[in-house]
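What follows is a single structure, written as structure tokens, with notes after it.
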Ligand code: MEV
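Residue numbers (the numbering used here): 344 to 649.
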């Protein structure tokens, strides 16, 4: 046993293929190393959480059942008793940045670190999925996997993820709409609509857009990626997981020289991402967003080293 355990993790964005990935279609996701989660786990007389959104015994919090289940699973694997979990994070919750998976990932790392026990990737992934199943009903695993890698990924449910080499002279502007989305509600909405053959086809179409995007990434065809993002946004709107505020941000991005823009993640609010090959225009759009009150607005480079 160590005196305390530490876990570190980060957020992600889905560039292409959200929702479709739940139905075994491919998706592209990028880790967001600038949005981080840090957990310190100390032995304690009760199991409690100290965090930006809740302080107190874990069982007294609302909507924390995923992490309670995760701790139970950890106790079956490790000699873990009561712990104080101190959580610091720059990741907004309910935005589409994969906060629930990132927190679960850091919790698992902290527990294994506290117990001085080696942690393999499969165990790490399976444990994150225990809380994700409670928070998201039917997670594809993309959020869980992205917390364990610092490289962009081509992800397909139940297949080995592939690290993607992306080297584009472009950036994504990422902006939170300030509308809290619910991935659980969005995933359940699509699940109940899947009897409709049209929705099933839209999921397949989203998967095809991902395949085209993979080709465009290889060919470094940035305008094509913008068009594919617009097409993906249209499909996500049609299946009912966008939000008027996000639609407004997409339109604003297109008015301000973005090559394409879309909702990203679970939807029903959350984040908008917009593609720029002109850094100055991207910076101007970020400033514009911030003056409009969209304070979580920043750039992610698509250069290789990122
Ligand atoms: C959430 O970040 C992505 C979804 O596709 C759900 C999932 O894949 O588990 C909406």
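Note that beta-carbon positions come from the ideal geometry of N, C-alpha and C, so glycine has one too.
Predicted model only: the values in this text are computed from it and were never measured.
- In this structure, the straight-line span from the alpha carbon of residue 434 to that of residue 543 is close to 32 Å.
- With a threshold of 6 Å, the Cβ atom of residue 613 does not count as near the ligand MEV, since no heavy atom of the ligand is closer than that.
- Inter-residue distance for residue 539 and residue 442 is about 31 Å (C-alpha atoms, whole angstroms).
- With a minimum length of 4 residues, the unbroken runs of alpha helix (DSSP H) contained wholly in the segment 480 to 533 fall at 485 to 489.
- Less than 7 Å divides the Cβ of residue 511 from the Cβ of residue 563.
- In this structure residue 647 is exposed. Its beta-carbon is surrounded by fewer than 16 other beta-carbon atoms within 10 angstroms.
- Apart from the 5 residues on each side of it in sequence, residue 520 sits with its Cβ closer than 8 Å to the Cβ of 586, 588, 589, 592, 612, 613, 614, 615 and 637 in its chain, given in chain order.
- Relative to the ligand MEV, the beta carbon of residue 436 is positioned no closer than 6 Å to any heavy atom.
- Collapsing the DSSP output to three states places residue 364 in a helix.
- For residue 377, the uninterrupted beta strand (DSSP E) run begins and ends at 370 to 386, by DSSP.
- Around residue 522, the same chain offers 586, 588 and 612 as residues with beta carbons nearer than 6 Å, after the five sequence neighbours per side are excluded.
- Residues 359, 549, 552 and 605 of the same chain have their beta carbon placed closer than 7 Å to that of residue 575, with the five preceding and five following residues left out of the count.
- Following the DSSP letters along the chain, one finds residue 409 inside the alpha helix (DSSP H) bounded by residues 408 to 420.
- For the pair of segments examined, the segment 397 to 406 was found not to touch the segment 355 to 371: the number of CB pairs separated by less than 8 Å stays below three.
- DSSP places residue 344 in the coil class of the three-state scheme, outside both helix and strand.
- The ligand MEV never approaches residue 542 closely enough for any of its heavy atoms to be under 6 Å from the residue's Cβ.
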